[in-house]
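Each remark here refers to the structure printed beneath this line.
2 protein chains.
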Amino acid sequence: MRTLKALAFDAFGTLFDVQSVAEVCEAVFPGYGGELSRRWRQKQLEYTWLRSLMGRYANFEQVTDEALRYAAASLNLTLTPENHARLLQAYRALRPFPEVPDVLRQLAQKYTLVVLSNGTAMQLQALLKQHALDRYLGQVFSADAVRVFKPHPHVYAQVEVALKLSRGDIGFVSANGWDVAGAAAYGYWTFRVDRQGVPEETLGFPEAAAGRTLYDLLAVLQT
Amino acid sequence: MRTLKALAFDAFGTLFDVQSVAEVCEAVFPGYGGELSRRWRQKQLEYTWLRSLMGRYANFEQVTDEALRYAAASLNLTLTPENHARLLQAYRALRPFPEVPDVLRQLAQKYTLVVLSNGTAMQLQALLKQHALDRYLGQVFSADAVRVFKPHPHVYAQVEVALKLSRGDIGFVSANGWDVAGAAAYGYWTFRVDRQGVPEETLGFPEAAAGRTLYDLLAVLQT
């Protein structure tokens with residue numbers, strides 16, 4: 173039995189399925205949904221990294237908005253104010269992956285569970301409440317509190333500091349390989365939810381374990 | 173006539189055409205050249221940003237190597253040691269874009285010209301020498317000297333400090349929109365060589381001017 177005391181979960185793509193964003197993209201721009209949502213997500217990540225490196229932080233909602241503008245422009249799609257609002261709204265209506273409530277319920281019996289995300293605390297708390305996950309995930313830690321995005325160590329440090337635990341007692345769970353690498357470099361035990369079947373990043377900070385859904389995390393923690 | 177005193181040029185994609193890398197990719201993995209080189213380049217950039225944010229600098233050659241490993245794995249392509257070496261070698265055999273020697277020759281009559289790149293000084297100087305561009309580009313500034321990659325302000329600051337000029341006297345030229353945004357945020361005048369016809373980044377730090385080749389930079393500077 174692994175001796176972790178707390179587990180921190182990334183939100184987007186890890187607890188919450190961003191596929192519904194692609195569906196709204198397709199509804200707004202038929203035939204372009206997949207490509208628009210892929211470019212939007214890629215640019216959203218890039219802008220979190222670029223703004224952090226430039227020392228020009230803006231919160232995740234603003235970055236998401238700016239990334240959408242670029243992604244649409246790169247496909248020559250014209251965003252009306254209505255479509256723009258409808259697409260951004262999709263991020264406020266994400267659904268958790270099917271196994272999430274059950275896995276969190278089981279893990280909550282043994283571990284302190286928290287969220288650690290680039291999203292703003294308000295955005296994250298609204299999502300958790302909407303799906304009654306706030307009963308399991310006691311605290312929400314946001315990049316917004318330290319005004320720099322993952323994988324900057326200040327973001328990951330929040331959990332260690334707030335929970336008064338040592339790094340080795342904390343596990344971090346994310347579907348984003350680069351996020352797992354960032355947490356591993358910081359010193360947390362890591363689990364990557366590899367929902368899409370993509371290779372591990374080759375940044376030199378290996379994941380401790382990986383699996384296809386969060387049920388595999390349960391299994392790994394029990395061995 | 174614009175009153176700039178110095179012009180700093182990005183190297184990869186700006187002075188040197190990285191298309192030859194795609195050609196080697198295609199020769200090594202027929203049918204996959206375009207996709208492999210696209211993924212390799214994307215991952216190379218991501219790793220420069222991620223390592224910089226994590227405070228885990230490694231030089232551009234190592235990052236390029238790590239990015240190649242990921243890109244190949246993501247396409248289920250197996251890299252033999254020979255193919256691996258051959259692909260990395262492609263970065264040491266880049267050709268300048270056709271207009272580069274002529275444009276630099278003209279600009280050198282009026283401005284101090286330097287290189288400001290993520291590449292290592294050794295890598296950059298070898299490329300410049302190989303194509304006799306070192307006669308125009310007096311100094312080479314590398315991210316390697318400050319152990320963090322663009323768009324961190326420390327990288328851009330090197331030119332201002334070494335040339336003892338004020339920021340407003342320095343122009344920065346790059347084919348990478350995010351690099352232009354980083355230099356603009358730092359306070360340099362900027363020109364984007366938009367060789368592919370992609371939109372300006374929407375990071376909130378607009379480019380001063382843009383054009384399809386470096387001849388357009390000449391024209392802009394003469395107006």
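Protein sequences, first through last, are from chains A and B. According to our numbering, the residues represented by the first sequence are 173 to 395, in order. According to our numbering, the residues represented by the second sequence are 173 to 395, in order. C-beta: ideal position from N, C-alpha, C; glycine also.
query: Close Cβ partners of residue 269 of chain A (< 6 Å) along its chain, the five nearest in sequence each way excluded; result: 189
query: Delimiting residues of the beta strand (DSSP E) encompassing residue 287 of chain B; result: 284–289
query: Residue range of the beta strand (DSSP E) that includes residue 179 of chain A; result: 178–181
query: Where the region 314–342 of chain B meets chain A: residues whose CB sits under 7 Å from a CB there; result: 323, 324, 325
query: Cα-Cα separation between residue 186 of chain A and residue 247 of chain B, rounded to whole angstroms; result: 23 Å
query: Three-state secondary structure assigned by DSSP to residue 206 of chain B; result: helix
query: Proximal residues, the region 226–244 of chain A versus chain B, C-beta separation under 7 Å; result: 226, 227, 228, 238, 241, 242
query: Buried versus exposed call for residue 333 of chain B [16 or more other C-beta atoms within 10 Å across all chains shown]; result: exposed
query: Closer than 8 Å to chain A by CB, residue 219 of chain B; result: yes
query: Beta-carbon spacing of residue 288 of chain B, residue 313 of chain B below 8 Å; result: yes
query: According to DSSP, residues forming a beta bridge with residue 189 of chain B; result: B:267
query: Cβ-Cβ distance between residue 382 of chain B and residue 366 of chain B below 8 Å; result: yes
query: Cβ shell of residue 218 of chain B (< 8 Å), same chain only, five flanking positions each side left out; result: 239
query: Contact check, residue 180 of chain B vs residue 352 of chain B, beta carbons under 8 Å; result: no
query: Reference residue 228 of chain A, options B:325, B:301, B:252, closest by Cα; result: B:325
query: At least 3 beta-carbon pairs within less than 8 Å: the region 200–217 of chain A vs the region 241–261 of chain A; result: yes
query: Rounded C-alpha distance that separates residue 300 of chain A from residue 283 of chain A; result: 18 Å
query: Contacts that residue 292 of chain A makes with chain B (C-beta to C-beta distance below 8 Å); result: Those within 8 Å of residue 292 of chain A in chain B number zero; the least Cβ separation is about 18 Å.
query: is_contact[residue 369 of chain B, chain A] using C-beta, thresh 8 Å; result: no
query: Residue 304 of chain A to residue 318 of chain B span [Cα, whole Å]; result: 47 Å
query: Opening and closing residue of the alpha helix (DSSP H) in which residue 333 of chain A lies; result: 325–335
query: Under the three-state DSSP convention, the category residue 223 of chain B falls into; result: helix
query: Local Cβ density within 10 Å of residue 215 of chain B, reported as buried at 16 or more and exposed below that; result: buried
query: Endpoints, beta strand (DSSP E) assigned at residue 381 of chain B; result: 381–383
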